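Novice: Mind looking over this structure? Questions follow.
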Amino acid sequence: MYRYDELDQAFVDQRVAEFRDQTHRHLAGELTEEQFRPLRLRNGLYIQRHAPMLRIAIPYGLLSAPQLRKLADVARRYDRGYGHFTTRQNLQLNWPALADVPQILAELATVQMHAMQTSGNCVRNVTADHLAGITPGEVDDPRPYCEIIRQWATLHPEFTYLPRKFKIAVTGSAEDRAASEVHDIGLHLRRDAHGGLGFRVLVGGGLGRAPVIGQEIREFLPLEELLAYLEAILRVYNQHGRRDNINKARIKVLVKALGVTRFREQVETEWQAARARAPRLSAGEVQHMRAFFRPPPYEVLADTDAAGGREAQFQAWYRYNTRPHRVSGYRAVFVSLKAHGEVPGDMTAAQMDAVAALAERLSFGLVRTTHNQNLLLADVRQRDLHELWRALAPLGLATPNIGTLTDMIACPGLDFCSLANAGTITVAKDIQRRFADLDYLYDLGEIEIKISGCMNACGHHHVGHIGVLGVDKHGEEWYQISLGGSANGFTALGEVIGPSVAQHEVAATIERIVEVYRALRAEGERFIDTLRRVGLTPFREGAYAAHPAAA
Amino acid sequence: MRHILRRHEWVVDEWRYQGEDGAESEGAALIVPLARWRTDAERWRTWSGPLGVRLTPLDAVAELAADLARLGLVAVEFPNPGDGRGYSQGRVLRERLAFRGELRAVGPGVRQDQVFLLARCGFDAIELAAGEDPEAARAALTRYDVAYQPGAPGAALVALRRQRFLSRDA
Chain X
748 MYRYDELDQA FVDQRVAEFR DQTHRHLAGE LTEEQFRPLR LRNGLYIQRH
798 APMLRIAIPY GLLSAPQLRK LADVARRYDR GYGHFTTRQN LQLNWPALAD
848 VPQILAELAT VQMHAMQTSG NCVRNVTADH LAGITPGEVD DPRPYCEIIR
898 QWATLHPEFT YLPRKFKIAV TGSAEDRAAS EVHDIGLHLR RDAHGGLGFR
948 VLVGGGLGRA PVIGQEIREF LPLEELLAYL EAILRVYNQH GRRDNINKAR
998 IKVLVKALGV TRFREQVETE WQAARARAPR LSAGEVQHMR AFFRPPPYEV
1048 LADTDAAGGR EAQFQAWYRY NTRPHRVSGY RAVFVSLKAH GEVPGDMTAA
1098 QMDAVAALAE RLSFGLVRTT HNQNLLLADV RQRDLHELWR ALAPLGLATP
1148 NIGTLTDMIA CPGLDFCSLA NAGTITVAKD IQRRFADLDY LYDLGEIEIK
1198 ISGCMNACGH HHVGHIGVLG VDKHGEEWYQ ISLGGSANGF TALGEVIGPS
1248 VAQHEVAATI ERIVEVYRAL RAEGERFIDT LRRVGLTPFR EGAYAAHPAA
1298 A
Chain W
5 MRHILRRHEW VVDEWRYQGE DGAESEGAAL IVPLARWRTD AERWRTWSGP
55 LGVRLTPLDA VAELAADLAR LGLVAVEFPN PGDGRGYSQG RVLRERLAFR
105 GELRAVGPGV RQDQVFLLAR CGFDAIELAA GEDPEAARAA LTRYDVAYQP
155 GAPGAALVAL RRQRFLSRDA
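Chains as they are written, first to last, in our numbering: chain X, 748 to 1298; chain W, 5 to 174.
Here is the structure:
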C-alpha cells in the first residue's frame, strides 16, 4: 500500500495544526458556526442530530492492520467503542466531542490517516473496486491512480470550494464494484489498440434527489493526461456549476443543462488550452506509485478443495463469503458486517482489533473496506480458510450472507443523521430478522436491498434491486419501495412500485415481493433477471396484495 | 485608509474603486467594474493614471485578454468564502493569459482561511473582509510549506519547501 513520505507527513501534520487553530477560534467565539462550518466539513466533521460525526478517510478502502487498530483505539477512547463503515469506504464515528477532534486527527496522522475532504464541497475520497489487484481479468490495478488523484485533489488551491461535493471512482474490471456510473466522475481503466493504458471517462453520474447515470465524455484518455483532464472537467464545473440552489449544484445538473456534447466540447477546449501548465503525470511518477501496490510475496501454491469434507456451516461461508483470487492457492474473504440483528456496516473496537490481528497472521497485514459496507481480507491461503472462519465466527463476523438479501446497504438514518426522515436501522434489522433463515435466504439467491433515510440517497436506494426510501408524511415515517435498480455492470435506476408503506410493513412487503419472484422464476434465474423478464406488474400486485390499507 | 496585504506586507492601498472619494481625480489609480470598462471604453483610452478592473464571479476572464496589457490590476470578487469561482479566474489570468500586474482578492469571502489557497492561485494582493485579523492573515501564508499541485506562476507569496506534481512546462 501507499506509504507517506516526508511531504505527505508534513502536509497532514500542518493540516492538523491548521484545524486545531480553526477549532480553537470557533470555541473562543472568533469564528461563528456559519464561518466554521465549511472549514470543519473539509476536515470530515459534521454536526449531527445528537452529536458531531467525524468521517475518517480510508483512501480507496485500503487499511493496514496498525491503521485498523488505531481506528479501534480512537473509537474506544474518543467515542462509544464502535464505528460505521460507509458506502464510500470511509469510517464514521458518531459520538466524538468537538473539542477532541483536533487531537483525534493528530492521532490518526501518526498512522498516516486523516479525515480531509470526506465532506464539504470539494473532491471527496476516491473509491475503487474492493477486489482491485486480485480479481481475475483486471485491466490494471486502479489503486495507484486513485492515490495519484487523492494527492492531486488534496487541498487543491483552485478546487477546494466547488459548487457541491465531487466524487470520483476508478475501476479496472468489467464488473463495476465501485458504483462508478453513479459518481461525478467514473474512470474505467482500459488499453488502446497499441496496448497503452488509459481511461474511459464518464461524467455526471449521481444519486440524490435526481438520480442520473454517468455519460461517457471520452472513450479513451491516455494515462499521462489524467490530471490535466480532471483539471479541465473541474474548471468547467467550478466556473459554470450552479451555486444558487444546493439541489441543482452537482455536476450532473450542469451536464444535463448543457447536454453532454456541449459539455464535452467545453472540457476538451479547456484541456487543450490549459495543458501546458496542467500537472504532468510522468511515466516515472506512475511507476513510482505502482510500486507501492505490487502484489505481496505470494507462496507458490496449488488450488485446493478447501471446503470439501468440512462442516456445512463452513461450506456455506466458503460459498458466500469468499471469492476467487487470480493467484492459485488463495481466496479473498469477506468479513461480514451484516450480522442478523446488527446495524449494517457497524463494527466494534474489539472486532477491529481482532480483524487487524487476523490480517497480520493470514492476509499480509492488509484489510479493505467495500462499497457494500463489509471488510475484505484479500489474500488468504486456501489452507488457512478454515482457521480464519473459526476465528471470525465467534466474533460475529462470519454470517454467511455476502451477496444475499441480508447483505444490504443502509445509511445511518434518523438514529444519527440530521437530514434523515426515517429510522433505516430499524427497517434493516426488521428485514434481517424476517430473512434470518439461511436456507430461505440461499434459495432467494443474489438480491441487493439498499435503504436510504432521505432523498440524499446515501443508502443508494435508486440502484438497489429492491430500493427502500424513507419519507416523511405529516411527521410519520413511511417507506417508498422501488424495484429494478442496479449498479453492477448494467447500471439502472429502480422504479417506485406504488404507495409508501408503514415502517412495520416494510419487511413483510419485501417478503411478498420475493415470493412473487419465487413463483415466477425460471430455473437458476436471479431475482433481477426475473424482474427484467416479466416486468414490474406482477411484483407490484404481489407487494400490495395483502395490503389494501397502504397509504 | 484601506490597507492591503501585498506580497508579505500590509501597505496603504493607493488604488480607489470607482465611486469612492477622489477615485476619479487626475492621475488616480482607478479600479472600475468590468461592465464600466466596456461601456466607457473611450474614456479609459485617455485616462491619465493606472487602471484596474474588478471582476464578479460571473465575468468571463477570457474576455479581458486583449485589455490586460493596459491594466495594472485585476480585482477578483469573492462574495462569500464558499464561492470558489474566483480561484479559477485568478489561475486563468495568471497562467493562460500571463497577466503580470497585481491580482487582488476582494470581498466578504476573503478571510484568513482562504489566504493560502488564494496565494497558490496567483493572487499577490489580499484585501481582507471586514473584521478579519490582518496579522493572522499574513501568518496564514506560511501554514503549509508543502503542496501537491503546481502553483500558478507569480504565486510568490507562498514559499514551498517541497511540491509533488509539476506542471508540464516546468
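Using N, Cα and C, we set each Cβ at its ideal position, and we do this for glycine too.
A quick note: this is a predicted structure, and the numbers were derived from the prediction, not measured.
#1: Going along the chain, which residues of the stretch 37-60 of chain W sit with their C-beta nearer than 9 Å to a C-beta in chain X?
#2: DSSP three-state call for Trp-1225 (chain X): helix, strand or coil?
#3: Give the single residue among X:His-1035, X:Arg-827 and X:Val-1000 whose Cα lies nearest to the Cα of Ile-895 (chain X).
#4: Per DSSP, Ala-916 (chain X) is paired with what?
#5: Spell out whether any CB of chain W is found under 7 Å from the CB atom of Glu-905 (chain X).
#6: Suppose the cutoff is 6 Å on Cβ atoms and the five residues either side in sequence are ignored; what does the same chain contact list for Cys-125 (chain W) look like?
#7: So Gly-111 (chain W) contacts chain X; which residues on that side make the cut at Cβ distance below 7 Å?
#8: What residues in its chain sit with their C-beta under 6 Å from that of Cys-893 (chain X), if we drop five residues either side in the sequence?
#9: Inspect the beta-carbon positions of Arg-897 (chain X) and Arg-997 (chain X) and report whether they are closer than 7 Å.
#10: Can His-1209 (chain X) and Gly-1170 (chain X) be called in contact, C-beta distance under 7 Å?
#11: Which two residues bound the contiguous beta strand (DSSP E) that contains Gly-1214 (chain X)?
#12: Using a Cβ-Cβ cutoff of less than 6 Å, which residues in the same chain neighbour Thr-1238 (chain X) once the five nearest sequence positions on both sides are dropped?
#13: Looking at Lys-1176 (chain X) and Gly-1088 (chain X), is the spacing between their C-beta atoms short of 7 Å?
#14: Less than 7 Å between CB atoms is the rule here; does Glu-99 (chain W) satisfy it with respect to chain X?
#15: Please list, in chain order, the chain X residues whose beta carbon lies closer than 7 Å to that of Tyr-152 (chain W).
#16: Using C-beta distances below 6 Å, list every residue in its chain close to Phe-127 (chain W), excluding the 5 sequence neighbours before and after it, in chain order.
#17: Give the interface partners of Arg-990 (chain X) over in chain W, defined as CB-CB distance under 7 Å, in chain order.
#18: Nearest-angstrom Cα distance between Asp-1219 (chain X) and Leu-1230 (chain X)?
#19: Taking the beta carbon of Val-1080 (chain X) as the centre, do at least 16 other beta carbons fall within 10 Å, making it buried, or is it exposed?
#20: Under the DSSP definition of a beta bridge, which residues are partnered with Pro-37 (chain W)?
#21: Between Ala-1299 (chain X) and chain W, is any beta-carbon pair separated by less than 7 Å?
#22: Can you grab the Cα-Cα spacing for the pair Glu-1270 (chain X) / Gly-1192 (chain X), in whole Å?
#23: What is the C-beta distance between Gly-88 (chain W) and Thr-907 (chain X), in whole angstroms, given that I count them as a contact (C-beta under 8 Å)?
#24: State yes or no: is the C-beta of Phe-832 (chain X) within less than 7 Å of the C-beta of Val-870 (chain X)?
#25: Does the distance from the C-beta atom of Phe-1039 (chain X) to that of Val-150 (chain W) stay below 7 Å?
#26: Which residues in chain X have a C-beta closer than 9 Å to the C-beta of Gly-155 (chain W)? List them in chain order.
#27: Among W:Leu-55, W:Asp-137 and W:Gln-167, which residue has its Cα nearest to the Cα of Leu-34 (chain W)?
#28: Does any C-beta atom of chain W lie closer than 7 Å to the C-beta of Arg-937 (chain X)?
#29: Would you please verify whether the beta carbon of Leu-145 (chain W) is less than 7 Å from any beta carbon of chain X?
#30: Pro-785 (chain X) touches chain W at which residues, Cβ-Cβ below 8 Å?
#31: According to DSSP, which residues form a beta bridge with Phe-946 (chain X)?
#32: What distance in whole Å lies between the Cβ atoms of Leu-1188 (chain X) and Leu-1144 (chain X), which are believed to be in contact at a cut-off of 8 Å?
#33: When you compare only the Cα positions, how much space is there between Val-858 (chain X) and Asp-820 (chain X)?
#34: By a C-beta neighbour count over all protein chains shown, 10 Å radius and 16 as the cutoff for buried, is Pro-969 (chain X) buried or exposed?
#35: Does Asp-117 (chain W) get closer than 7 Å to chain X when you measure Cβ to Cβ?
Specialist: Checking against the coordinates, here is how it stands:
#1: Under the 9 Å Cβ criterion, the stretch 37-60 of chain W contributes no residue.
#2: Taking the first sequence and counting its residues from 1, one reaches residue 1225 (chain X) at position 478. In this structure, Trp-1225 (chain X) counts as strand in the three-state DSSP scheme.
#3: Counting from one through the first sequence, the residue named residue 895 (chain X) turns up at place 148. The option with the nearest alpha carbon to Ile-895 (chain X) is X:His-1035.
#4: The residue given as residue 916 (chain X) occupies position 169 in the first sequence. Assignment of beta-bridge partners to Ala-916 (chain X) by DSSP yields X:Thr-874 and X:Gly-933.
#5: As a first step, residue 905 (chain X) must be located in the first sequence, where it is residue number 158. Residue-level contact by beta carbon holds for Glu-905 (chain X) and chain W, with a gap shorter than 7 Å.
#6: Working through the second sequence from its first residue, we reach residue 125 (chain W) at position 121. If we look at Cys-125 (chain W) and ignore the five residues flanking it on each side, its Cβ neighbours are Tyr-91, Gly-94, Arg-95 and Ala-156.
#7: Reading the second sequence from its first residue, position 107 is the one you call residue 111 (chain W). Near Gly-111 (chain W) there are no residues of chain X at all, since even the closest Cβ is about 13 Å away, more than 7 Å.
#8: Taking the first residue of the first sequence as 1, we reach residue 893 (chain X) at position 146. Correct list, in chain order: Tyr-807, Val-873, Ala-875 and Val-917.
#9: Walking along the first sequence from the start, residue 897 (chain X) turns up at place 150. Walking along the first sequence from the start, residue 997 (chain X) turns up at place 250. No, Cβ-Cβ distance for Arg-897 (chain X) and Arg-997 (chain X) is not below 7 Å.
#10: As a first step, residue 1209 (chain X) must be located in the first sequence, where it is residue number 462. As a first step, residue 1170 (chain X) must be located in the first sequence, where it is residue number 423. Inclusion of His-1209 (chain X) and Gly-1170 (chain X) in the CB contact set at 7 Å is not warranted, their separation being larger than that value.
#11: Counting from one through the first sequence, the residue named residue 1214 (chain X) turns up at place 467. Looking at the DSSP string, the run of the beta strand (DSSP E) that includes Gly-1214 (chain X) is 1213-1220.
#12: Here residue 1238 (chain X) is taken as the residue at index 491 of the first sequence, counted from 1. Excluding positions up to five away in sequence, the list reads Glu-928 and Ile-960.
#13: Taking the first sequence and counting its residues from 1, one reaches residue 1088 (chain X) at position 341. Taking the first sequence and counting its residues from 1, one reaches residue 1176 (chain X) at position 429. Taking 7 Å as the Cβ cut-off, Gly-1088 (chain X) and Lys-1176 (chain X) qualify as a contacting pair.
#14: As a first step, residue 99 (chain W) must be located in the second sequence, where it is residue number 95. So, interface residue.
#15: If you number the second sequence from 1, residue 152 (chain W) lands on position 148. Neighbours of Tyr-152 (chain W) across chain X, judged by C-beta separation under 7 Å: Gln-898, Trp-899 and Thr-901.
#16: In the second sequence, the residue the question calls residue 127 (chain W) occupies position 123. Result list for Phe-127 (chain W): Gly-94, Leu-107 and Ala-109, in chain order.
#17: For the purposes of this step, residue 990 (chain X) is taken as residue 243 along the first sequence, with counting starting at 1. Those are Asp-87, listed as they occur along chain W.
#18: Counted from its first residue, the first sequence places residue 1219 (chain X) at position 472. Counted from its first residue, the first sequence places residue 1230 (chain X) at position 483. The alpha-carbon of Asp-1219 (chain X) is positioned some 20 Å away from that of Leu-1230 (chain X).
#19: For the purposes of this step, residue 1080 (chain X) is taken as residue 333 along the first sequence, with counting starting at 1. Buried: at least 16 other Cβ atoms inside 10 Å.
#20: In the second sequence, counting from the first residue as 1, residue 37 (chain W) sits at position 33. In the DSSP assignment, Pro-37 (chain W) is bridged to W:Arg-58.
#21: Residue 1299 (chain X) lies beyond the residue range present for chain X, which begins at 748 and ends at 1298; the question has no answer from this structure.
#22: Stepping through the first sequence from its first residue, residue 1270 (chain X) is reached at position 523. Stepping through the first sequence from its first residue, residue 1192 (chain X) is reached at position 445. Rounded to whole angstroms, Glu-1270 (chain X) to Gly-1192 (chain X) spans 12 Å at the Cα level.
#23: Taking the first residue of the second sequence as 1, we reach residue 88 (chain W) at position 84. Taking the first residue of the first sequence as 1, we reach residue 907 (chain X) at position 160. Confirmed, Cβ separation roughly 7 Å.
#24: Counting from one through the first sequence, the residue named residue 832 (chain X) turns up at place 85. Counting from one through the first sequence, the residue named residue 870 (chain X) turns up at place 123. No, the Cβ-Cβ distance between Phe-832 (chain X) and Val-870 (chain X) is not below 7 Å.
#25: Position 292 of the first sequence, counted from the first residue, corresponds to residue 1039 (chain X). Position 146 of the second sequence, counted from the first residue, corresponds to residue 150 (chain W). No; because the gap between Cβ atoms is not below 7 Å, this pair is not in contact.
#26: In the second sequence, the residue the question calls residue 155 (chain W) occupies position 151. For Gly-155 (chain W), the chain X residues whose C-beta falls within less than 9 Å of its own C-beta are Pro-904, listed in chain order.
#27: Position 30 of the second sequence, counting from 1, holds the residue named residue 34 (chain W). Ranking W:Leu-55, W:Asp-137 and W:Gln-167 by Cα distance to Leu-34 (chain W) puts W:Leu-55 first.
#28: On the first sequence, residue 937 (chain X) is found 190 positions in, with the first residue counted as 1. False, the Cβ-Cβ gap to chain W never drops below 7 Å.
#29: The residue labelled residue 145 (chain W) in the question sits at position 141 within the second sequence. It does not: the Cβ of Leu-145 (chain W) has no partner Cβ on chain X nearer than 7 Å.
#30: Within the first sequence, residue 785 (chain X) is the residue found at index 38, counting from 1. Correct list: Pro-85 and Gly-86.
#31: One-based indexing of the first sequence puts residue 946 (chain X) at position 199. Checking the DSSP bridge columns, you'll see Phe-946 (chain X) partnered with X:Leu-936 and X:Leu-968.
#32: For the purposes of this step, residue 1144 (chain X) is identified with residue 397 of the first sequence, where counting begins at 1. For the purposes of this step, residue 1188 (chain X) is identified with residue 441 of the first sequence, where counting begins at 1. With 8 Å as the limit, Leu-1144 (chain X) and Leu-1188 (chain X) do not qualify as a contact, their Cβ atoms being about 17 Å apart.
#33: Taking the first residue of the first sequence as position 1, residue 858 (chain X) is located at position 111. Taking the first residue of the first sequence as position 1, residue 820 (chain X) is located at position 73. Cα to Cα, Val-858 (chain X) sits roughly 12 Å from Asp-820 (chain X).
#34: Position 222 of the first sequence, counting from 1, holds the residue named residue 969 (chain X). Around the beta carbon of Pro-969 (chain X), a 10 Å sphere encloses fewer than 16 other beta carbons of the protein chains shown; the residue is thus reported as exposed.
#35: The residue labelled residue 117 (chain W) in the question sits at position 113 within the second sequence. Residue contact with chain X for Asp-117 (chain W): present (Cβ-Cβ distance below 7 Å to some residue of chain X).
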